[in-house]
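A.B. asks: The structure's right below; bear with me while I get my questions together.
In the numbering used here, the protein residues as written are 24 to 319.
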């Protein structure tokens, strides 16, 4: 029986020009989770992530916290044929992007991504402000081969909203505008999942869900131990929905509640996955991390 740890990326840059970057706090969350895994003696025989920058930065931060090398040069892209086969689809030259920021085709992660995450003034400030990791930590930690899987990329929330509200929105910099943004997002997701709208540059929801299902099938077929999967709220909620057989409405609610750097745990056998825990933050349980809990 294997264990799959599904981790949502750290806090991204919501409201900024480029959302697809971890904020300084998002970097801290990722490293703190890695420190927790090391402290608990958790090791992974493999790691899987989407191609989005915030997802890869989160994996890099987890590796940093665990004290293991982030294999940016060794990140291998799943072949298009394998992805299609795992999802039960015919082979094709390139799968549809799951978000507008996803690269075309299957490209390796940028080299030295870990240095990109932790260099510069922002990275230095993050290191200085981060509370020290527990003194008594396990010395042995490892993360196996890293695999890029485009089917774990997030949907494009701006495209989803534009499909039902084709007018410019104000930057969500107040609680009222923030709530309005997410009301529109939930409505757009419901219509996309029902096949009513086709957000620009995005696949059909059935294709999006097939990408997630393909990742789960790959893990069941190729692994027996602990596997780390770093993705986003949409794919993780979709995975939980597939395991539990939830309605689209329930899947959307699951999506809206997933916190940054949270851990959802599945047990798995060659035949199926089972939900063990959902949306937990064991690495942020201490009072000093209370203000590290975020949703965007």
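Using N, Cα and C, we set each Cβ at its ideal position, and we do this for glycine too.
The structure displayed is predicted, hence computed values, not measured ones.
#1: Helix or strand or just coil, what does DSSP make of residue 307?
#2: Which residues in the same chain have their Cβ closer than 6 Å to the Cβ of residue 30, if we skip the five residues on either side of it in sequence?
#3: Mind checking whether the beta-carbon of residue 307 lies closer than 6 Å to any heavy atom of the ligand COA?
#4: For residue 257, count neighbouring Cβ atoms within 10 angstroms of its own Cβ and tell me buried if that reaches 16, exposed if not.
#5: Evaluate residue 290 with the Cβ neighbour count: other Cβ atoms within 10 Å of its Cβ, from every protein chain shown; 16 or more gives buried, anything less gives exposed.
#6: For residue 227 and residue 216, what's the separation of their Cα atoms in angstroms?
#7: In whole angstroms, give me the CA-to-CA distance for residue 199 and residue 205.
#8: Looking at the unbroken alpha helix (DSSP H) that takes in residue 274, where does it start and where does it end?
#9: Nearest by alpha-carbon distance to residue 58: which of 73, 84 and 260 is it?
#10: Taking DSSP as the reference, what is the three-state secondary structure of residue 296?
#11: Beta strand (DSSP E) containing residue 72: first to last residue?
#12: Does the segment 290-300 come within contact of the segment 258-267, defined as at least 3 CB pairs closer than 8 Å?
#13: What do you get for residue 219, buried or exposed, if any count of 16 or more other CB atoms within 10 angstroms of its CB means buried?
#14: Checking 7 Å against the spacing of the C-beta atoms, do residue 66 and residue 82 come in under that value?
#15: Excluding the five sequence neighbours on either side, which residues of its own chain have a C-beta within less than 6 Å of the C-beta of residue 207, listed in chain order?
#16: Are the beta-carbon atoms belonging to residue 32 and residue 249 less than 7 Å from one another?
#17: If contacts are defined as beta-carbon pairs under 8 Å, then residue 27 and residue 242 qualify, I think. What distance do you get, rounded to the angstrom?
#18: Relative to the alpha-carbon of residue 272, which residue among 42, 56 and 209 has its alpha-carbon at the smallest distance?
#19: Determine the direct distance from the alpha carbon of residue 234 to that of residue 61, and round the result to whole angstroms.
#20: My guess is that residue 232 and residue 197 are in contact by the Cβ rule of under 8 Å, so how many angstroms apart are they, rounded?
#21: Going by CA-CA distance only, name the one from 48, 24 and 25 that's closest to residue 23.
#22: Keeping to the same chain, check which residues put their C-beta closer than 8 Å to that of residue 160; ignore five residues upstream and five downstream.
#23: With DSSP collapsed to three states, give me the class of residue 169.
#24: Helix, strand or coil for residue 234? Go by DSSP, reduced to three states.
#25: What did DSSP end up calling residue 149 once you bin it into helix, strand or coil?
#26: Figure out for me which residue from 278, 239, 89 and 294 has the closest Cα to the Cα of residue 180.
#27: Under the rule that 16 or more other beta-carbon atoms within 10 Å means buried, what is residue 56, buried or exposed?
#28: Please name the residue, chosen from 313, 274 and 245, that lies closest to residue 24 on a Cα-to-Cα basis.
#29: In whole angstroms, give me the CA-to-CA distance for residue 319 and residue 239.
#30: Is it right to say residue 237 is buried, meaning 16 or more other beta carbons lie within 10 angstroms of its own, or is it exposed?
#31: Going by beta-carbon coordinates alone, are residue 171 and residue 274 separated by less than 7 Å?
C.D. replies: Based on what the coordinates show:
#1: helix
#2: 253 and 286
#3: The model on display carries no ligand, and the ligand COA is accordingly not part of it.
#4: buried
#5: exposed
#6: 8 Å
#7: 10 Å
#8: 271-280
#9: 84
#10: strand
#11: 67-72
#12: yes
#13: exposed
#14: no
#15: 184 and 188
#16: no
#17: 6 Å
#18: 209
#19: 30 Å
#20: The Cβ separation is near 34 Å, so there is no contact.
#21: Past the edges of the chain, shown from 24 to 319, lies residue 23, and the structure says nothing about it.
#22: In this prediction, residue 160 scores a pLDDT of 38, lower than 50, which makes its location untrustworthy; the coordinate-derived value is nonetheless stated afterwards. So the qualifying residues of the chain are 58, 61 and 62.
#23: strand
#24: helix
#25: Reliability fails at residue 149, whose pLDDT of 39 lies under 50, so the model's placement of it is uncertain and no value is given.
#26: 278
#27: buried
#28: 245
#29: 25 Å
#30: buried
#31: no
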